[in-house]
C-alpha cells in the first residue's frame, strides 16, 4: 500500500471509540511507520536499497 492509503486507514481507525484528542495523530503516525524507509531516498537510491 502507498503512504496515502496507510495514512487514511490510520485516520479512519482513529474514529473508533473511545475518541481521545491525540488518538488520530498517533494512529496516522503508526500507520505510516511501515513506509518510514522512504525517507532514506532523500540521500540516494543506494542508501534506500
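Residue numbers (my numbering): 4 to 52.
From the three backbone atoms N, C-alpha and C, an ideal C-beta is built for every residue, glycine too.
Note that the coordinates shown come from a computational prediction; the quantities given were computed from them, not determined experimentally.
| Item | Value |
| --- | --- |
| Less than 8 Å between the beta carbons of residue 39 and residue 14, yes or no? | no |
| Quick check on the DSSP output: the alpha helix (DSSP H) that includes residue 43 runs from which residue to which? | Element bounds for residue 43: n/a, residue is neither H nor E. |
| How is the alpha helix (DSSP H) around residue 14 delimited, first residue to last? | 6-16 |
| Between the alpha carbons of residue 18 and residue 27, how many angstroms are there, rounded? | 7 Å |
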